[in-house]
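Chemist: Before I ask anything, let me first share the structure, which is written out below as structure tokens.
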Amino acid sequence: MFREEEVAEAEERRRVNWRATRAKIGGLLAAVVRWIGLIFALILAVHVILTVGGANPDNSITQFIRSWAEPLSLGFGDLFTNISDPKAQVLVNYGIAAIFWLIVSSILAKILRRLGGV
Numbered sequence: 084m085f086r087e088e089e090v091a092e093a094e095e096r097r098r099v100n101w102r103a104t105r106a107k108i109g110g111l112l113a114a115v116v117r118w119i120g121l122i123f124a125l126i127l128a129v130h131v132i133l134t135v136g137g138a139n140p141d142n143s144i145t146q147f148i149r150s151w152a153e154p155l156s157l158g159f160g161d162l163f164t165n166i167s168d169p170k171a172q173v174l175v176n177y178g179i180a181a182i183f184w185l186i187v188s189s190i191l192a193k194i195l196r197r198l199g200g201v
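Here our numbering = 1-based position in the sequence shown + 83.
Pasting the structure below:
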């Protein structure tokens, strides 16, 4: 009987450890997704600041940020083309893209946490 109790106790520990591991992985993946969404939104926000602020478009930093912001806009970059001021157009379109990344990464993080049991 003593051996059966040890086996049952070891089995219970394995199951609890698996749940804890799954929760840790789910939490870690959720955190990574949130950080990626935040970084993408930050790149888009910096692009808006540089554009609206009148940064030199030939500057290497401005070019670097623009080269990342354009693909991250996912089609939002030319969503509203009827805005007469180009700076306002960048503010609206890339601002919407930044908000999109924050919302999507938040939703994905919640899903990952729930799947992980966190």
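Just so it is clear, CB atoms sit at the ideal spot from N, CA and C, and this is done for glycine as well.
Which value, in whole angstroms, describes the spacing of the CA atoms of LEU111 and ILE179?
Modeler: Computed Cα separation, rounded: 27 Å.
Chemist: Verify whether the separation of the beta carbon atoms of SER188 and GLY120 is less than 7 Å.
Modeler: Going by C-beta atoms, SER188 is nearer than 7 Å to GLY120.
Chemist: For ILE186, which residues of its own chain have a beta-carbon under 6 Å away from its beta-carbon, when the five flanking residues on both sides are left out?
Modeler: Closer than 6 Å at Cβ, skipping near neighbours: no residue.
Chemist: Taking 8 Å as the limit between beta carbons, can you name the residues of its chain near ARG102, skipping five residues before and five after?
Modeler: Only GLY200 meet the Cβ criterion.
Chemist: Determine the closest residue to ILE194 out of ILE182, VAL131, ASN100, VAL116, with distance taken between C-alpha atoms.
Modeler: Measuring from the Cα of ILE194, the nearest candidate turns out to be VAL116.
Chemist: Can you have a look at TRP184 and say buried or exposed, based on whether 16 or more other CB atoms are within 10 angstroms of its CB?
Modeler: Counting Cβ neighbours within 10 Å, TRP184 comes out buried, since at least 16 surround it.
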